[in-house]
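**Q**
Following this line, the structure appears as structure tokens:
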């Protein structure tokens with residue numbers, strides 16, 4: 068892995084405002100990529116590691132941190148990312164003989180965060196964070212609706228049903244919040260995660276690619292997925308002795 072990075076770190080407004088930025092470029096040789104079966108005789112529930120011959124990624128990150136007062140802190144960040152397999156020989160034949168041009172698994176092109184922290188001398192405190200995660204593929208094969216529609220048609224199944232499946236995970240937003248009151252001895256708080264009630268998949272296994280035929284394999288696939296953590300609330304009391 069060869070990585071080149073350039074960045075800047077700046078402080079403004081007598082230390083109240085921090086602005087950081089950096090850009091990076093990385094070139095891989097024989098990148099290790101985790102793949103889900105079937106890979107030859109490997110079970111579909113197992114993972115295996117294959118080496119992508121050549122691949123690259125590049126992007127940029129920005130961070131702003133602002134303290135308008137001693138009680139309040141505001142922050143925001145954004146990440147831009149582009150990933151690509153330049154050469155990833157996978158199967159001996161078939162339409163997916165090479166994953167060239169595909170994106171890395173779980174590599175969203177855009178992410179950003181907005182948040183605030185409040186900590187008053189009276190003991191009242193709170194923090195809130197809003198995050199956005201862009202769309203991304205869960206598999207190196209980057210299987211989309213068209214791929215599954217064709218696979219269903221090849222199997223004599225309804226291609227319209229196949230077109231409802233994809234290994235591309237949709238973008239989602241998540242909001243977390245914590246409010247409380249604390250003293251030297253006590254800390255009482257309420258907290259919540261996924262307050263927007265988002266029910267998007269964070270992983271899926273809607274089909275795999277057979278390493279021998281180079282085609283989408285439905286028979287040995289697990290049509291399942293995992294949701295991001297559900298909406299939850301907590302009430303807590305902490306006591307220091």
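Numbering (this note's numbering), first residue to last: 68 to 308.
Think of the CB as a built atom: it goes at the ideal place given N, C-alpha and C, for glycine as much as any other residue.
All values derive from a computational prediction rather than experimental measurement.
Enumerate, from N- to C-terminal direction, the unbroken beta strand (DSSP E) stretches of 3 or more residues contained entirely within the region 132-214.
**A** Counting only runs of 3 or more, we get 139-154, 177-186, 191-200.
**Q** Could you tell me the distance, in whole angstroms, from the CA atom of residue 327 to the CA atom of residue 98?
**A** Any property of residue 327 remains undetermined from this structure, which presents the chain solely from 68 to 308.
**Q** Is it the case that the Cβ atoms of residue 127 and residue 158 are separated by a distance below 8 Å?
**A** no
**Q** Check whether the region 137-152 and the region 251-263 are in contact - that is, three or more C-beta pairs closer than 8 Å.
**A** no
**Q** Let's see if you can read the secondary structure: which residues bound the alpha helix (DSSP H) around residue 228?
**A** 226-229
**Q** Residue 240 lies in the beta strand (DSSP E); which residues open and close that run?
**A** First-last of the beta strand (DSSP E) with residue 240: 239-249.
**Q** Do you know how far the Cα of residue 115 is from the Cα of residue 109?
**A** In this predicted model, residue 109 has a pLDDT of only 46, less than 50, meaning its place in the structure is not dependable enough to derive any value.
**Q** What are the boundary residues of the beta strand (DSSP E) that includes residue 281?
**A** Element bounds for residue 281: n/a, residue is neither H nor E.
**Q** What does the Cβ neighbour count give for residue 297, buried or exposed, with the cut at 16 atoms within 10 Å?
**A** exposed
**Q** Short check: CB of residue 243 to CB of residue 103, under 8 Å?
**A** no
**Q** For residue 169, I'd like the list of residues in its chain whose CB is within less than 8 Å of its CB, leaving aside the five on either flank, ordered along the chain.
**A** Result list for residue 169: 151, 152, 155, 204, 207, 208, 209, in chain order.
**Q** Around the C-beta of residue 124, are 16 or more other C-beta atoms found within 10 angstroms, so that it is buried, or is it exposed?
**A** Residue 124 should be labelled buried.
**Q** Inspect the CB distances between the region 187-205 and the region 242-256 and report whether three or more fall short of 8 Å.
**A** yes
**Q** Ends of the beta strand (DSSP E) at residue 305?
**A** 299-306
**Q** For residue 225, is the classification buried or exposed, using 16 other Cβ atoms within 10 angstroms of its Cβ as the cut-off for buried?
**A** exposed
**Q** Could you check whether residue 306 and residue 239 sit closer than 8 Å to each other, using their CB atoms as the reference points?
**A** no
**Q** Verify whether the separation of the beta carbon atoms of residue 236 and residue 273 is less than 8 Å.
**A** For the 8 Å CB-CB criterion, residue 236 and residue 273 do not form a contact.
**Q** What is the C-beta distance between residue 202 and residue 175, in whole angstroms, given that I count them as a contact (C-beta under 8 Å)?
**A** 6 Å
**Q** Thinking C-beta only, is residue 167 closer than 8 Å to residue 281?
**A** no
**Q** Quick one: grab the DSSP three-state call for residue 80.
**A** helix
**Q** Three-state secondary structure (DSSP) at residue 219?
**A** helix
**Q** What does the Cβ neighbour count give for residue 119, buried or exposed, with the cut at 16 atoms within 10 Å?
**A** buried
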